[in-house]
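Under the numbering used here, the residue at position 195 of the sequence shown is numbered 707, and the numbers go up by one with no gaps.
Just so it is clear, CB atoms sit at the ideal spot from N, CA and C, and this is done for glycine as well.
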Amino acid sequence: MTKVVISGTGLFKPDQTITNAELVESFNAYVELQNAQFADDIAAGTREPMQPSSVEFIERASGIKQRYVMDKGGVLDPQRMFPRLAPRADEELSLMAEIAVHASRQAMEQAGKEGQDIDAVICAASNMQRGYPAMAVEIQQALGAGGYGFDMNVACSSATFGIEQAVNAIRAGTARCVLVINPEITSGHQEWRDRDCHFIFGDACTAVIVERAETATSTDQWEVLGTKLATQFSNAIRNNFGYMNRCEDTDPNARDKTFRQEGRKVFKEVVPMAASHIDAHLKDLGMQPSDVRRFWLHQANLSMNQLVIKKLVGGEATPDIAPLILDEFANTSSAGSVIAFHVHHGDLSRGDLGVICSFGAGYSIGSVVLRKL
Numbered sequence: 513m514t515k516v517v518i519s520g521t522g523l524f525k526p527d528q529t530i531t532n533a534e535l536v537e538s539f540n541a542y543v544e545l546q547n548a549q550f551a552d553d554i555a556a557g558t559r560e561p562m563q564p565s566s567v568e569f570i571e572r573a574s575g576i577k578q579r580y581v582m583d584k585g586g587v588l589d590p591q592r593m594f595p596r597l598a599p600r601a602d603e604e605l606s607l608m609a610e611i612a613v614h615a616s617r618q619a620m621e622q623a624g625k626e627g628q629d630i631d632a633v634i635c636a637a638s639n640m641q642r643g644y645p646a647m648a649v650e651i652q653q654a655l656g657a658g659g660y661g662f663d664m665n666v667a668c669s670s671a672t673f674g675i676e677q678a679v680n681a682i683r684a685g686t687a688r689c690v691l692v693i694n695p696e697i698t699s700g701h702q703e704w705r706d707r708d709c710h711f712i713f714g715d716a717c718t719a720v721i722v723e724r725a726e727t728a729t730s731t732d733q734w735e736v737l738g739t740k741l742a743t744q745f746s747n748a749i750r751n752n753f754g755y756m757n758r759c760e761d762t763d764p765n766a767r768d769k770t771f772r773q774e775g776r777k778v779f780k781e782v783v784p785m786a787a788s789h790i791d792a793h794l795k796d797l798g799m800q801p802s803d804v805r806r807f808w809l810h811q812a813n814l815s816m817n818q819l820v821i822k823k824l825v826g827g828e829a830t831p832d833i834a835p836l837i838l839d840e841f842a843n844t845s846s847a848g849s850v851i852a853f854h855v856h857h858g859d860l861s862r863g864d865l866g867v868i869c870s871f872g873a874g875y876s877i878g879s880v881v882l883r884k885l
C-alpha cells in the first residue's frame, strides 16, 4: 500500500477578536431592545421575555473565552447582530478563497511545496460562500495548482472527511499531492441572537498537505496509518438555509436559516458515538487508546472532550493528552481539530501516535490515526 503522509499544515485567523465580556454586553443590549419592543405581549403573558447572558454562563457551558471573527462591528451591533462584509466583484478573489489561500501558503511553505506540486485541491467546510463555481477551483487557480478541485461539506467533520478523500486519491494514483482546506467563516451562519448558542462559533481557516511519502521533503512528517468515517442522520444540529428557500416563500432571515441545535441531546448522543468510533478505529489497526500519545479532538465543548477522553483512557483529559484551543478560537467547525494539531504537535517524538478526530452535524464523525516520522 502507498505510504501517505501529512507534511504541512497552515492556519489563518482574523485580526479581530470578541471577548465573552464584549459579546455579553452586546447580547444583553439586544435583549433589552427586544423585551422593550414586545413589552405588551410579555405583560399579557403571550410572549416569554428574553433572558440575558453572562460571561460565567458561557465559560461554564463551553470553556470558550473569546473568538476570532472577520467583522466585529456588525456582530456587536445590537441593531444588527451579524457580520458586515463588503460585496466583491466576480473578478475579485472571494473572501472564503482569500483566507484559504493564506492558510494554504503557510502549509505549502512548511511542506516545501509550490503551486505546481499540488495536483488536487479539496475545500471542505460546513458552509460554502456560493453554490458555484466551486471554491476549491478558485483557490486552485489562485495558488497556481494543477489537477482538479472540488468542494465538500460534512459540517464539523469536513476536515477529516477531506483528509480521507485525499489519502484515497493518492493511494488510487489519481493524485500525488493533495491540499485540503477548511475555510470556516462561521460568523455568517451563527445565530448571535440566541442565548443558547450566541457564543459558540469563531472564524478561522486551516490547510493540510497530504502527499506520497516518497515525494515528501518536510522535516515534520506524519504517516497516515488509517482513516475511518461514519454518519448517522439526526436533526439535532441543523441549518435550513439554501437555494430552495426562495421557492418556498419563507422568510430568508427566519430562525431556522442559521445554526441551531438541541445542545443536551447532541452532548448525550455524540460523546459515546465519538468515543466508540475512536476505540473501534484503533482496534482495527491493532492499537489501544492507551497507545495514543495525543488526541486532537473537535473543538466544540470542553466538557464533551473531557468525557470522550475519560471513556477512552479512563483518566483526565489533560492538555498534554487532549489539547484545547477552543478557549481562544471557540468552535471553528471543521477547522478546530486541525488547529489543535497545527498548534500542539511540535513537542512529540518520532514514533509517537496521535488521532485527529472531528464530529458534528449529520451526525458525522471522522478520525485519522497518525504516527510521527
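Straight-line Cα distance separating residue j from residue i
{"i": "P595", "j": "Q653", "result": "27 angstroms"}
{"i": "S606", "j": "G522", "result": "19 angstroms"}
{"i": "Y875", "j": "R683", "result": "27 angstroms"}
{"i": "T672", "j": "E571", "result": "27 angstroms"}
{"i": "S669", "j": "N752", "result": "18 angstroms"}
{"i": "V783", "j": "D552", "result": "43 angstroms"}
{"i": "I634", "j": "R707", "result": "34 angstroms"}
{"i": "K740", "j": "E544", "result": "47 angstroms"}
Buried versus exposed call for residue i [16 or more other C-beta atoms within 10 Å across all chains shown]
{"i": "S802", "result": "exposed"}
{"i": "K780", "result": "exposed"}
{"i": "R579", "result": "buried"}
{"i": "K584", "result": "buried"}
{"i": "E603", "result": "exposed"}
{"i": "D631", "result": "buried"}
{"i": "N765", "result": "exposed"}
{"i": "M582", "result": "buried"}
{"i": "L588", "result": "buried"}
{"i": "G863", "result": "exposed"}
{"i": "S861", "result": "exposed"}
{"i": "P835", "result": "buried"}
Cβ-Cβ distance between residue i and residue j below 8 angstroms
{"i": "D715", "j": "T844", "result": "yes"}
{"i": "V720", "j": "W808", "result": "no"}
{"i": "V517", "j": "E676", "result": "no"}
{"i": "I851", "j": "I833", "result": "no"}
{"i": "G738", "j": "V881", "result": "yes"}
{"i": "A829", "j": "N813", "result": "no"}
{"i": "C709", "j": "A615", "result": "no"}
{"i": "A637", "j": "S846", "result": "yes"}
{"i": "G774", "j": "A748", "result": "According to the sequence as given, residue 774 is Glu; it is not Gly. Closer than 8 angstroms, so yes."}
{"i": "A678", "j": "V692", "result": "yes"}
{"i": "P760", "j": "K577", "result": "Note on identity: in this sequence residue 760 is Glu, with Pro being the wrong assignment. Cβ distance not < 8 angstroms, so E760 and K577 don't count as in contact."}
{"i": "S879", "j": "H793", "result": "yes"}
{"i": "E703", "j": "R772", "result": "yes"}
{"i": "P599", "j": "S538", "result": "no"}
{"i": "W734", "j": "K884", "result": "yes"}
Cβ-based neighbour list, residue i, same chain, cut-off 8 angstroms, excluding 5 preceding and 5 following
{"i": "S566", "result": "V536"}
{"i": "F745", "result": "G874 and Y875"}
{"i": "N532", "result": "V567, I570, E571, I576, K577, Q578 and F711"}
{"i": "I790", "result": "P801, F807, V820, L824, V867, C869 and S879"}
{"i": "G659", "result": "I630, D631, A632, V633, Q652 and A687"}
{"i": "T729", "result": "S519, A623 and G624"}
Reduced DSSP secondary structure (H/G/I, E/B, other) of residue i
{"i": "A748", "result": "coil"}
{"i": "I554", "result": "helix"}
{"i": "Q563", "result": "coil"}
{"i": "K823", "result": "helix"}
{"i": "P695", "result": "strand"}
{"i": "R642", "result": "coil"}
{"i": "D663", "result": "strand"}
{"i": "T739", "result": "strand"}
{"i": "Q546", "result": "helix"}
{"i": "T727", "result": "helix"}
{"i": "F771", "result": "coil"}
{"i": "R776", "result": "helix"}
{"i": "Q628", "result": "helix"}
{"i": "S887", "result": "In this structure the chain extends from 513 to 885, so residue 887 is not present and cannot be described."}
{"i": "I570", "result": "helix"}
{"i": "C759", "result": "helix"}
Cutoff 7 angstroms; reference residue i; Cβ partners in own chain excluding five residues on either side
{"i": "R705", "result": "Y542 and M593"}
{"i": "A786", "result": "V820, C869, F871 and I877"}
{"i": "A609", "result": "M647, E650, I651 and A654"}
{"i": "L597", "result": "M582, D583 and L607"}
Neighbourhood of residue i by C-beta distance below 6 angstroms, restricted to the same chain and skipping five residues each side
{"i": "G656", "result": "G627"}
{"i": "V804", "result": "L865 and V867"}
Residue i beta carbon near the ligand FMN (any heavy atom closer than 7 angstroms)
{"i": "S879", "result": "Absence of the ligand FMN is noted for the structure shown, with no ligands found whatsoever."}
8 angstroms Cβ cutoff, residue i in contact with chain B
{"i": "S638", "result": "Among the chains in the structure shown there is no chain B, since it carries only a single protein chain."}
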